[in-house]
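Input: a single structure, listed below in structure tokens.
There are 2 protein chains.
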Amino acid sequence: METKLQNVELNRIRIDDGFWNRYINLVEDVILPFQWDLINDSVEGAEKSYCIQNFKIACGYQEGEHKGMVFQDTDVAKWLEAVAYCVAKKRNPKLEALADAAVDLIAGAQCEDGYLNTYFTITGKPRWSNLFEGHELYTAGHMIEAAVAYYQATGKDKFLKVVCRMADDMCEVFGCENGKLHGYPGHPEAELALVKLYRVTHERRYLELANYFVRARGTRPCYFASEDCVKNQDFIFPEFRDFDWDYAQAHMPVKDQTTAEGHAVRAVYLYSAMADLAYEYEDEELLKQCDVLWTNIVKKRMYITGSIGSASYGERFTTDYDLPNNTNYSESCATVGLAMFSNRMFQITKDGKYMDIVEQALYNTLLSGIAMDGKHFFYVNPLEVVPEIAEKNPTMRHVKTERQLWFGVACCPPNIARTLASMGDYTYAVDADTLYVNLFIASRIETELEAGKAAFTLTADYPLNGDIKIVVEPERSRAEFTIAVRKPAFSKEVTVMVNGKQAEYTLEKGYIYLKREWKKGDELQISLDVSFRFVRCNPRVRDNIGKVSLMKGPWVYCLEEADNGKYLSSIIIDAKMPIQEEYDGELFGGTACAKLFGTRIDYSDTGDELYTDAAPVYKADSFKAIPYCMWNNRGKGEMLVWMREA
Amino acid sequence: METKLQNVELNRIRIDDGFWNRYINLVEDVILPFQWDLINDSVEGAEKSYCIQNFKIACGYQEGEHKGMVFQDTDVAKWLEAVAYCVAKKRNPKLEALADAAVDLIAGAQCEDGYLNTYFTITGKPRWSNLFEGHELYTAGHMIEAAVAYYQATGKDKFLKVVCRMADDMCEVFGCENGKLHGYPGHPEAELALVKLYRVTHERRYLELANYFVRARGTRPCYFASEDCVKNQDFIFPEFRDFDWDYAQAHMPVKDQTTAEGHAVRAVYLYSAMADLAYEYEDEELLKQCDVLWTNIVKKRMYITGSIGSASYGERFTTDYDLPNNTNYSESCATVGLAMFSNRMFQITKDGKYMDIVEQALYNTLLSGIAMDGKHFFYVNPLEVVPEIAEKNPTMRHVKTERQLWFGVACCPPNIARTLASMGDYTYAVDADTLYVNLFIASRIETELEAGKAAFTLTADYPLNGDIKIVVEPERSRAEFTIAVRKPAFSKEVTVMVNGKQAEYTLEKGYIYLKREWKKGDELQISLDVSFRFVRCNPRVRDNIGKVSLMKGPWVYCLEEADNGKYLSSIIIDAKMPIQEEYDGELFGGTACAKLFGTRIDYSDTGDELYTDAAPVYKADSFKAIPYCMWNNRGKGEMLVWMREA
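Residue numbers (this note's numbering), protein chains in the order written: chain A, 5 to 650; chain B, 5 to 650.
Shown next, in the form of structure tokens:
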């Protein structure tokens, strides 16, 4: 197996992009301060988190009971992880002071033997007694991810030492050896976190524990049905009673799983760890299986918006080609996980198909999960909403018709925050002599290749237009190395110029490779085709038969009631008519809208009969589409991605 | 208020209809013996009922705990009611012997003070302590309905005396007077039953208790939140915790309710009682309100198959124009209730619009609820099913892809049985000088009008064709009276002949009135238009936009995979092409099928990409539609009512 691609340290990437700034800047300016107040229960009108309070109680600083979810500790962990990525980019003493205080609390809540979990510590319930539901290892995983990120960002190792002690305890408790618990996490997360911990500490036992967890999963007899696991009959989540093992990807040994099943977040977190382990153990078979699972998702079980999870009950995958648009779950966190999994697969294989999906996920569902004020969030990301029905039909009771301030289960908002804060990790990657440009986000990056240090300044107004300019500045006046630029699959055509002249390149697995001697100031210009295009769905997906969607680059578009009135599903788009691009400088800080032509039902002419011989009357009209990621920023209203086609 | 129409005694109606015989004969031949075995737990492979066992325990004949649902007693009550209707038509000593034995058990389980309910008697839980969930009054209602029917059928009064003692106890316990419980049933049913009991016993207190229950419902403060009701915190159904009062139609006083809300079965049982009370109390306002509620249902909340309940969660109404085809509940029992409510409204108002809905409900969803073998049943009646998705997507976990032998909650099978056994009550009605012919079911009826006795022999092969012949035989050689024949709204044209000559008639509220001197042997011939017709849905129903359904008379048609292969939703019907009627003598004992023309997607030509620029290729094809009521009698497969229209 070749050496995988590496991230560039976040402090060496400076993003300054017209589109992404709107979101990324929210993290430090709005989300992190707001989230800090939330986990400290000082936001009026928001549901209480109790997260910090639980730590104070566990530390013995105050009296009280544990409150909130069994995994409430992850709130502060995800907050710390996002803080770490921000601080990694630019130190921020004020933020670090808060973070250090939080780390002190976490350290104070740790037991003598390394165990760390306020729910089980405060309640006194037996540790590791309900792995299917207890989320102990899930919580541990988020602690580890946060600690690794904070260590890498600041060099401070207090938090890292805490999680190492915690992980050491886990290594004592779990494993295939006699006398150890033969269990594994109900919710995967610890696995990928332990690989991260191994990579930063080089302590192989952490990698081995991750490997044990993944290999043990789904073996028979099922651990979740064993005495060790069911002795705590006190179900935390009543609905878990009805879930099959596939809900937690434990329906068969992981090595036999070839379709993406169960809870979507769990699935992609698990697959991310599997990709990590395939690489670390040079296990080609496991890597191939990761690709099989990934392919099953993106070819049969993924929404066009890069979201996954077709059903609310179980927040889960269902079956091939089952992609209902208004009852789906499509959790923001699952999209984050899909990006994580895809990015890992890309870094190992250098195949652009994975990065295409990263882009689709980030440009659509990641951003639809957050309001442009940075304070309101969607967990569930439907592709079609009619508010008066979604609010009245309990089949859609999981669908919110407006983004919420903060939910009881605070997984998505901090997950979005940590992803936005670490966008650089998705934008670039490097190996010895190649800089990979994955996403076209205006930014400056400095990195070190075999040929020496080099800086690159990428300017773009993508996906508004497809012109990408990269100014190359090797430290030495000239140096031979490779720039690899992703050619998204949607762009059939591409032109590649260096200093205004057609340049030679090779195209491999979706990347344009330019290996040459670069001089300081060389300008690489790539032109991608980001013109509007109509996209159809495989007709095996019944819900989208006879429908068309609109895309521009990675952006999926949608119709909103604010622009087009009610009854969006009565609209028929004439896809043979040209699409007019209309830049709206006022809307959401400026965005590219599309004017579409077609017909719609004239409701003024509709009688009161429920069933009638008469067909409805259609009238010609034009329609305005906006990027899906920006929907629901103008109040409640209908929204539609898949439009009927003439 | 005019005197309402009356049923004709069932022993004076003999149904002998090519279509209905297939179902009605099942009741005595298959369903009742099978159901008897079921409630006696002697059917191998079926879920245990424990119903009779519970009565034996309550009688003290054997030891044990109560098993089954809190309302398990209703199984034997509904069985007895169906037995009664069968026996009413033709005495059957063997069946009556079983019924008498069941009545003895019921009598033996009654408490000294009249209270009768095996769940509360055996468990010793406090009576009337959880009216929202306890189903005590619901169970009492079914006992009363059964006892009244059995008394009317056989003249035996033992069971009637039992339920009178029970109802007397209820009159002592409930009411607006001080010292009584101010509660009312969580699940309406006792109300309409008490009216029946009043009508047979003429004891006004039963009517008054029914009236109290209806008028108390939904008043504030809500009884279900009161101390008396919530003292039993032991929830029987965990999901009830989350239900609002509108689930049980208790969200506001009944007199203020103008839209059909909540659990659909509860709603139509309540409205049936409201119609009864409006008549008994000559309350024009309440009658008008019943019509408002009925109109809300049939113009905004009813499936074309005459089913109601758009959501599974709460088995309930949702909102106007929300009629999803594959996630709906559409419980068989709710259709029975809608027919009951509509029949009552018709009998009071003589308006054919109500009877049109009775017909739509009975010819479609009542029969789709039962397999043609009489042993398998649907509770949920979707209008669109794709088995591999319904079985994998938990959003549709309430949808069964094949009829089940018997469910844990045995409400629908006996409800279908009692309705089939009493079809005569829907077919005819009389007042002093008029015979109302409501349904076109081949039969012979004898009745007494002011002008004397008369017999009528109706022959028809409806809805295969629209020719209805009624031979009139007044006992005296000639007599003046009126025959009123329903003119279904779907039949725009009608011809009315007597003895082969155009006859004079008046048309009023959907009925053809022929008032004349009838001679023995007069032949009345009515020709209705039952040719195939395409029906569209109001485009406010988003799920049916751009779609068309096929009907013939009251029958809704559907496409099945057995005839048309997979991917039914890829089919586009050309509604401008003629519909070919094709009688299939083999299918389901002979039925009228339709051949439709149009196009469908050619799946052999479909690539593996999930999202693509290419539009799918369509090919011309013809399609076979069958009556919806007969679907799923050839194994598991796709089914579709609403077809895309060119």
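Backbone N, C-alpha and C fix where the C-beta goes; we use that ideal spot for every residue, glycine too.
Contact under 9 Å by Cβ, residue i with residue j
{"i": "Leu563 (chain B)", "j": "Met581 (chain B)", "result": "no"}
{"i": "Leu120 (chain B)", "j": "Ala194 (chain B)", "result": "no"}
{"i": "Met5 (chain A)", "j": "Thr78 (chain A)", "result": "no"}
{"i": "Ile35 (chain B)", "j": "Lys379 (chain B)", "result": "yes"}
{"i": "Cys226 (chain A)", "j": "Val269 (chain A)", "result": "no"}
{"i": "Tyr210 (chain A)", "j": "Val218 (chain A)", "result": "no"}
{"i": "Phe627 (chain A)", "j": "Asp588 (chain A)", "result": "no"}
Nearest neighbour of residue i, chosen from the options [CA to CA]
{"i": "Tyr383 (chain B)", "options": "B:Gly373, B:Glu392, B:Pro391", "result": "B:Gly373"}
{"i": "Lys473 (chain A)", "options": "A:Ser481, A:Thr463, A:Pro467", "result": "A:Thr463"}
{"i": "Gly118 (chain B)", "options": "B:Gly470, B:Asp173, B:Gly68", "result": "B:Asp173"}
{"i": "Tyr622 (chain A)", "options": "B:Ile35, B:Ala252, B:Pro543", "result": "B:Pro543"}
{"i": "Trp559 (chain B)", "options": "B:Asp360, B:Lys551, B:Ile19", "result": "B:Asp360"}
{"i": "Pro328 (chain A)", "options": "A:Val545, A:Met5, A:Gly49, A:Asn637", "result": "A:Val545"}
{"i": "Asn25 (chain B)", "options": "B:Met427, B:Phe485, B:Trp522, B:Gln253", "result": "B:Met427"}
{"i": "Asp326 (chain A)", "options": "B:Met73, B:Ile312, B:Asn368, B:Ala394", "result": "B:Ala394"}
{"i": "Leu290 (chain A)", "options": "A:Leu297, A:Val296, A:Ala282", "result": "A:Ala282"}
{"i": "Asp526 (chain A)", "options": "A:Asp547, A:Pro478, A:Arg537", "result": "A:Pro478"}
{"i": "Gly516 (chain B)", "options": "B:Thr423, B:Ala488, B:Lys505", "result": "Residue identity check: residue 516 (chain B) is Ile in the sequence provided, not Gly. Comparing Cα positions, the closest option is B:Ala488."}
{"i": "Tyr607 (chain A)", "options": "A:Leu572, A:Arg638, A:Ala629, A:Tyr216", "result": "A:Leu572"}
{"i": "Tyr154 (chain B)", "options": "B:Ala493, B:Leu102, B:Gln114, B:His186", "result": "B:Leu102"}
{"i": "Leu366 (chain A)", "options": "A:Asp377, A:Ser346, A:Glu32, A:Thr353", "result": "A:Ser346"}
For residue i, the first and last residue of its enclosing alpha helix (DSSP H)
{"i": "Lys129 (chain A)", "result": "From DSSP, Lys129 (chain A) is part of no alpha helix (DSSP H); its letter is neither H nor E."}
{"i": "Tyr561 (chain A)", "result": "Premise fails: Tyr561 (chain A) lies in the beta strand (DSSP E), 559-564, not in any alpha helix (DSSP H)."}
{"i": "Ala264 (chain B)", "result": "Element bounds for Ala264 (chain B): n/a, residue is neither H nor E."}
{"i": "Arg16 (chain A)", "result": "No alpha helix (DSSP H) holds Arg16 (chain A); DSSP gives it neither H nor E."}
{"i": "Trp83 (chain B)", "result": "78-93"}
{"i": "Trp24 (chain B)", "result": "Careful: Trp24 (chain B) lies outside any alpha helix (DSSP H) and carries neither H nor E."}
{"i": "Cys55 (chain A)", "result": "55-63"}
{"i": "Val152 (chain B)", "result": "140-158"}
{"i": "Val107 (chain A)", "result": "97-113"}
{"i": "Ile43 (chain A)", "result": "36-43"}
Listed by chain order, chain B residues near residue i by CB distance under 8 Å
{"i": "Phe538 (chain A)", "result": "Asp617"}
Within chain A, partners of residue i - CB distance below 9 Å
{"i": "Glu651 (chain B)", "result": "What is shown of chain B runs 5 to 650, which leaves residue 651 (chain B) out entirely."}
{"i": "Ile110 (chain B)", "result": "Within 9 Å Cβ-Cβ: nothing; Ile110 (chain B) doesn't reach chain A, min ~36 Å."}
{"i": "Thr323 (chain B)", "result": "Glu392, Ile393, Glu395, Lys396, Asn397"}
{"i": "Tyr607 (chain B)", "result": "Pro543, Arg544"}
{"i": "Met359 (chain B)", "result": "Neighbours of Met359 (chain B) on chain A: none; closest Cβ ~16 Å, over 9 Å."}
{"i": "Asp326 (chain B)", "result": "Val390, Glu392, Ile393, Lys396, Asn397"}
Enclosing beta strand (DSSP E) for residue i [first to last residue]
{"i": "Cys180 (chain B)", "result": "No beta strand (DSSP E) contains Cys180 (chain B), which DSSP labels as neither H nor E."}
{"i": "Cys541 (chain B)", "result": "536-541"}
{"i": "Ile549 (chain A)", "result": "First-last for Ile549 (chain A): undefined, no H or E at that position."}
{"i": "Arg604 (chain A)", "result": "595-605"}
{"i": "Ala629 (chain B)", "result": "622-631"}
Partners in chain B for residue i, counting only beta-carbon separations shorter than 7 Å
{"i": "Asp550 (chain A)", "result": "The sequence shown places Gly at residue 550 (chain A), not Asp. Result: Arg648."}
{"i": "Ser316 (chain A)", "result": "Thr399"}
Within chain A, partners of residue i - CB distance below 7 Å
{"i": "Ser574 (chain B)", "result": "Pro543, Ile549"}
Within chain A, the residues that residue i reaches when beta carbons sit closer than 8 Å
{"i": "Met349 (chain B)", "result": "Residues of chain A passing the Cβ test: none, with the nearest at roughly 17 Å."}
{"i": "Thr610 (chain B)", "result": "Asn542, Pro543, Arg544"}
Residue i: CB within 8 Å of a non-hydrogen atom of the ligand GTP
{"i": "Met581 (chain B)", "result": "No copy of the ligand GTP occurs in the structure displayed, which carries no ligand at all."}
Alpha helix (DSSP H) runs contained entirely in the region 301-377 of chain B, provided each spans 4 or more residues: 336-353, 356-365
In chain order, each alpha helix (DSSP H) run of at least 4 residues that lies wholly inside the region 374-450 of chain B: 391-394, 416-425, 427-431
Start-end ranges of the alpha helix (DSSP H) lying completely within the region 162-229 of chain B, minimum 4 residues: 162-177, 194-205, 208-220
Beta strand (DSSP E) segments (min. 3 residues) lying fully within the region 451-487 of chain A: 456-464, 471-478
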